[in-house]
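Numbering (this note's numbering), first residue to last: 10 to 1268.
Every residue, glycine too, gets a C-beta built ideally from N, C-alpha and C.
Note sheet for the following structure.
Here it is in structure tokens:
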């Protein structure tokens, strides 16, 4: 359809709302269709709530004006102690005209300029608030000569003149100046259609006047129809002014572009492209069929009710203050009901409580400033696309030197194994359902649903993935992406493209294949020592905490040797878009990747194109043959490979001897140690020069302005010298100066490693987050207690415990830090329970690391693996006095991990993707599982028994079928005080004849570990028999059965590796063999499985001094030990409170705190906020009752009970027959169980409750 140019009416409302939030809300709601732009003067910058903060424990105040989904707010970013007195709301209908705020023209909190782009022209509009000193009017008079023409200027000018107010005598100079300014801007004052005052002062004796004005172009002074809208005044003392302007704009539908299938000359390329395009066309057709256009209706706020409309109409008819109060109340109550229902829907119906955290964060308004590029504003969309494209693709011509790689020997070439179905399923399972879809509109949830459907869909995708790697071709459809431009957080201005970050959204099917390839390269790279040992980010099993532990250990070990540590942290400019493709291909060949992989990437990296998405605008396709997309699954691993050889070359340079280079993706750190900080500075300068030249030869550039230097020194010396880097910004008279604290990977380091600032930062953030979360629920409404606990565990604990292993270890001085955490924990407990304010309120990971993990270089010879130990700072190279003077997490863990006797192999050859048992023989491994529901357990157990009997009869007839019952006996109290070791037993049958049985002493292990041992014993014995064709394993632990065929790292991995090795050998020996794991509920005491159980219980072996110990048993021991210490602490009356009500559980045991079995958490799950709050108040005896009021001198000493008793106590309430009734048919008595107390409170809603409950609740 062709486009035509016609006059488009733009309806503008200018209004000084006198800081009335409800007036603005009413206008945005009721005039959503009547106006296109609303200019507000003196907007209501009111306190909304508190948000999480890193500097204030009470949280940062959220100050803002009302928001509405139909309007785009535009306002100048607030500055300290200065808030803008003008803002604008632009209707979503005008998004196609690319409105932007022009701070480049006038940057003042009293003037707001908007630019609207249509038909190749720029239309400028201005919103003005001029105070009683005429600040804005005088500013405009000075700037008028440099401003472009305008089509509209309106606002509150606070200027009196007989020119527009007939009741005023005189025409002051500032009024003349205002008219002259308007003339310079090409404007003229527009008369009112309904003349009259625009300002009605609330102070008696002051005259109504005209101070709100509108200026338009001379040819539109009559057609503008400036009208006073009296029924929109609300509680303001100003009258809104409505104006209608006409602009020339394009009309007509723009046809959507369809992408044609690519055609290649080679037939195998054509087949891959055609297959990929056919998949894309299928999804596109489904999208067109099922999708629909969504428009924002006039009732965009679902909380609005008929009562709100009636109350608003009554106020508009009479205009009385009483009617306005009724209207406010009518609006407030539906809002509360609506948002309570939304909280219930999100937390209970959708079971996504953590989604509510977006409600408590700071409000982020969309950036609306005009983009400046090379000193010029981007008035049109083509200019904007050029600015974005040129900014993010600046490095296409950057020089590089590929010959520098010749000094590094080539690694042996590794073979390539096709992708398996298991790899695709695992890659898909790890994808989030809420991630944004790509240009094909497919979400991960859609793909997961398809994978559960017909198997041919899965087969087609797997065939396509293997064809891409086999041929070395990446379809053109997968090379097309969408680059969504998002703002970087906390930027002072958003007028430059560098203040934004492009996030690449890829086609989902292509992204799935990329994830599979990334997982494969990750495994091969770590298993073959491709990556440098000091690389942390972008590599599996290497986290930010590892980098922090390495750095803190180096500093502390250096102090023990009398050495001072200095670091320089630096970053790479535009790292991901700067990766040179030619250099990357040479690196892949140098690192021994197969020809399939190299050929694939040679095609994958070229011919890519992207569309830029800015708000609702999308650009045309543009070529991006530079770097890798930030958002691709391959970008982290490719960037890690790119840096690997840089780090190896850095080590070979003689100038860097004694310098340690630590890398986390594009953030790297140089570490040097010596007796003097001045010597450190010289060494850092030399090393920085070497690394700068290396990055330059690889086509990368360092950002010198972001480099940081820091010195660690525990002495009392104030010596803190700067460093002359020898490069611009930090050279000569302006060296790089160290700061008081250094932020690295989210850790806050101080010179003495006290981590005071780190703990203060995160504890403050956590505490303010908890306080901000109180808006989601109180003791009377909102979230239930169990949902509050989930929210706390999921969203607050990870914040406060980030990096805790750096400062919390044996002999650490952390009393002050723990006090901060206790304060936060207490505030959380009060919020969750609704109690009164006065109420009393793991080291074995190193065993799972690869043998070349960088942390192992600092451990003792028992734990260092195959990596070369650090020459001076490794524990095995330190002397006894040096170790004695040093403490830290690595020292503590190096000792504790010796208790583990199990050997874990993270990169075991049998766990390599593509060659695993379930990759090769997935059709020959079966699981006969069954879930027993609680509601109909007896019936389902009977059905399961019949199924097991029929199965046993069937398999016992086949001579070549071996079937085994497996079971394990473990001491329930094994981790703490068990006397016996676990026993694994298995009995092997064939044709109803017992062929073999065995008992194994498993050691100090958990029940799943022992069951895994029993399964291994049965499978290894069965597969060794020549006549064995089928195997059936009857077990009561399907989790252990699935672990048995999973050789990846987990507790009992050695058993799984033995099972996989035996089964792979057995499957390759003959065709048609299979194994089936059958679930037998232990409570059935079914024939075959029960025999194995009895056989296991026959043997008892004492625990002994050094039993075999598994990884999970040590973790369980640590968890139970903490729980036991908590129970012991809970026995102290000073800790739990002198008046704590001791109750028992259902099994008559005293209620104790614990993990999953915490009895109070169980009742929190089945209680409302009000009921659980009353329950906690009763147990703690801190409740709104007479004895509490008397104790704290509250409520004027009113201590009587409603029944007339002069002294209202907890015991009296629980036994008072006049006022309260017992649950069901029980006698009213002092409760002894939690169940009784819960039932009593359910039956008596006024017990331990406020007589008039506060609206905000307690806690």
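Original post:
Is residue 379 close to chain D, meaning its C-beta is less than 9 Å from at least one C-beta of that chain?
Top reply: In summary, chain D is missing from the structure at hand, where a single protein chain is found.
Original post:
Using the rule of at least 16 other Cβ atoms within 10 Å of the residue's Cβ for burial, across every protein chain shown, is residue 1102 buried or exposed?
Top reply: By the neighbour-count definition (other C-beta atoms within 10 Å, threshold 16), residue 1102 is a buried residue.
Original post:
Just how far apart, CA to CA, sit residue 597 and residue 992?
Top reply: 50 Å
**OP:** Consult DSSP for residue 106 and reduce its assignment to one of helix, strand or coil.
**Re:** helix
Original post:
How long is the line joining the alpha carbons of residue 437 and residue 484, rounded to whole angstroms?
Top reply: 20 Å
**OP:** Quick one: residues in its chain with C-beta nearer than 6 Å to the C-beta of residue 217, no 5 flanking neighbours on either side, listed in chain order?
**Re:** 206, 209
Original post:
For the putative contact between residue 659 and residue 703, defined by C-beta atoms under 8 Å, what is the C-beta separation to the nearest angstrom?
Top reply: 6 Å
**OP:** Can you tell me the Cβ-Cβ gap for residue 417 and residue 595, rounded? I've got them flagged as a contact below 8 Å.
**Re:** That belief does not hold up - the Cβ atoms of residue 417 and residue 595 are roughly 10 Å apart, past 8 Å.
**OP:** Decide yes or no for the touch test of the region 308 to 325 against the region 507 to 521: beta carbon pairs closer than 8 Å, at least 3 of them.
**Re:** As far as the Cβ criterion goes, the region 308 to 325 does not touch the region 507 to 521, which means the pair count is below three.
Subject >> Proximity of residue 78 and residue 778 at Cβ, strictly below 9 Å >> reply: no
Original post:
Can you name the start and end residues of the beta strand (DSSP E) that residue 510 belongs to?
Top reply: 509 to 515
Original post:
Are the beta-carbon atoms of residue 5 and residue 648 separated by less than 9 Å?
Top reply: Outside the displayed range of the chain (10 to 1268) lies residue 5, so it cannot be described from this structure.
**OP:** Could you check what DSSP says for residue 986 in three-state terms: helix, strand or coil?
**Re:** Bear in mind that a pLDDT of 49 at residue 986, under 50, signals an unreliable position, so the number given afterwards is only what the model happens to contain. Note: residue 986 maps to helix in three-state DSSP.
Original post:
Considering residue 1144, what are the terminal residues of the beta strand (DSSP E) in which it resides?
Top reply: Per DSSP, residue 1144 belongs to no beta strand (DSSP E); it is in the alpha helix (DSSP H), 1142 to 1145.
**OP:** Following the continuous alpha helix (DSSP H) through residue 927, name the residue where it begins and the one where it ends.
**Re:** 926 to 929
Subject >> Where the beta strand (DSSP E) through residue 98 begins and ends >> reply: 95 to 100
**OP:** Could you tell me the boundaries of the beta strand (DSSP E) in which residue 130 lies?
**Re:** 130 to 138
Original post:
What does a CB cutoff of less than 8 Å around residue 547 pick up in its chain, not counting 5 residues either side in sequence?
Top reply: The beta carbon of residue 547 sits closer than 8 Å to the beta carbons of 645, 646, 648, 649, 674 from its chain, once the five residues preceding and following it are set aside; these are given in chain order.
**OP:** Out of 581, 955, 537, state which residue places its alpha-carbon closest to the alpha-carbon of residue 601.
**Re:** 537
Original post:
How many Å lie between residue 1209 and residue 1186 at the Cα?
Top reply: In a straight line, the C-alpha of residue 1209 is about 18 Å away from that of residue 1186.
Subject >> Cutoff 6 Å; reference residue 20; Cβ partners in own chain excluding five residues on either side >> reply: Around residue 20: 44, 45, 253.
Subject >> Where residue 209 sits in the DSSP three-state scheme >> reply: Note: residue 209 maps to coil in three-state DSSP.
Original post:
Once you ignore the five residues that flank residue 108 on each side, which residues in its own chain have a CB closer than 6 Å to its CB?
Top reply: 99, 123, 125
**OP:** Check residue 1047 in the structure and name its three-state DSSP category.
**Re:** helix
Original post:
How long is the line joining the alpha carbons of residue 530 and residue 549, rounded to whole angstroms?
Top reply: C-alpha separation (whole angstroms): 11 Å.
Original post:
Just curious, the alpha helix (DSSP H) that residue 958 is in, first and last residue?
Top reply: 946 to 965
Subject >> Residue burial classification, residue 190 (beta-carbon count within 10 angstroms, cutoff 16) >> reply: buried
Original post:
Nearest to residue 110 by CA position, among 128, 134, 92, is which residue?
Top reply: Sorting 128, 134, 92 by C-alpha distance to the C-alpha of residue 110 places 134 at the top.
Original post:
Do you know how far the Cα of residue 226 is from the Cα of residue 213?
Top reply: 38 Å
Original post:
Taking C-beta to C-beta, are residue 1064 and residue 1120 nearer than 9 Å?
Top reply: For residue 1064 and residue 1120, no; Cβs fall outside 9 Å.
**OP:** Decide if residue 432 is buried, meaning its Cβ has at least 16 other Cβ atoms within 10 Å, or exposed.
**Re:** That one is buried.
**OP:** Going by CA-CA distance only, name the one from 215, 222, 194, 188 that's closest to residue 204.
**Re:** Of all alpha-carbon atoms in 215, 222, 194, 188, the one lying nearest the alpha-carbon of residue 204 is that of 222.
Subject >> Three-way DSSP call (helix, strand, coil) for residue 750 in this model >> reply: Coil at residue 750, not helix or strand.
Original post:
In this structure, does DSSP put residue 732 in helix, strand or coil?
Top reply: strand
Original post:
Residues in its own chain within less than 7 Å of residue 1095 by CB, not counting five upstream and five downstream?
Top reply: 954, 957, 1089
Original post:
Around the C-beta of residue 1216, are 16 or more other C-beta atoms found within 10 angstroms, so that it is buried, or is it exposed?
Top reply: The C-beta of residue 1216 has fewer than 16 other C-beta atoms within 10 Å across all chains shown, which makes the residue exposed.
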